[in-house]
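In our numbering, the protein residues as written are 274 to 390.
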């Protein structure tokens, strides 16, 4: 199955730390599709918004979205549409674990999970 250009653009925006814009682009795809990857798109959207919240200091909102995004993304491990879903989940879990342990007060972008194709 060819990867939709909106998904590729969303991944690029995610990697540029443009989390809200990533959400906007992939949400258009999510709303327009009924294929077997619909929940993958939703999981990436929620992961992006979780990081957007972290970037803006909303740890509580970020944590909620991280939990729901993990449920959606978990259906697609280890890989889907060229996306290393397993690595994304592992990186996000490590990021939130550090925050929960008080090791970093907010997201430090050198730890930020990256989406890869």
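For every residue, glycine included, the Cβ atom is placed at its ideal position computed from N, Cα and C.
task: Excluding the 5 residues preceding and the 5 following residue 353 in the sequence, name in chain order all residues of the same chain whose CB lies nearer than 8 Å to its CB.
output: Taking the first residue of the chain shown as 1, we reach residue 353 at position 80. Closer than 8 Å at the Cβ level, and outside the excluded window around residue 353, lie 310, 313.
query: Skipping 5 residues on each side, what residues in its chain have a beta carbon closer than 7 Å to that of residue 326?
result: For the purposes of this step, residue 326 is taken as the residue at position 53 of the chain shown. If the five residues before and after residue 326 are omitted, its C-beta is found closer than 7 Å to the C-beta atoms of 334, 335, 338, all from its own chain and listed in chain order.
field: Close beta carbons around residue 302, own chain, < 7 Å, minus the five adjacent residues each side
entry: Translated into positions along the chain shown, residue 302 becomes position 29. 277, 279, 280, 314, listed in sequence order.
message: Considering only DSSP beta bridges, list what residue 356 is partnered with.
response: One-based indexing of the chain shown puts residue 356 at position 83. Residue 356 is bridged to 353.
query: Between the Cα of residue 319 and the Cα atoms of 373, 297, 305, which residue gives the shortest distance?
result: Counting from 1 along the chain shown, the entry for residue 319 is found at position 46. Closest option to residue 319, judged by alpha-carbon separation, among 373, 297, 305: 297.
Neighbourhood of residue 345 by C-beta distance below 8 Å, restricted to the same chain and skipping five residues each side: In the chain shown, the residue the question calls residue 345 occupies position 72. Within the same chain, residue 345 has close Cβ partners 312, 313, 315, 316, 319.
- prompt: Which residues in the same chain as residue 292 place their Cβ atom closer than 6 Å to its Cβ, once the five residues preceding and following it in sequence are excluded?
  reply: On the chain shown, residue 292 is found 19 positions in, with the first residue counted as 1. Cβ contact annotation for residue 292 (same chain, cutoff 6 Å, sequence separation greater than five): 321, 324, 325, in chain order.
field: 8 Å Cβ cutoff met for residue 343 and residue 356
entry: The residue given as residue 343 occupies position 70 in the chain shown. The residue given as residue 356 occupies position 83 in the chain shown. The answer is no: Cβ separation not under 8 Å.
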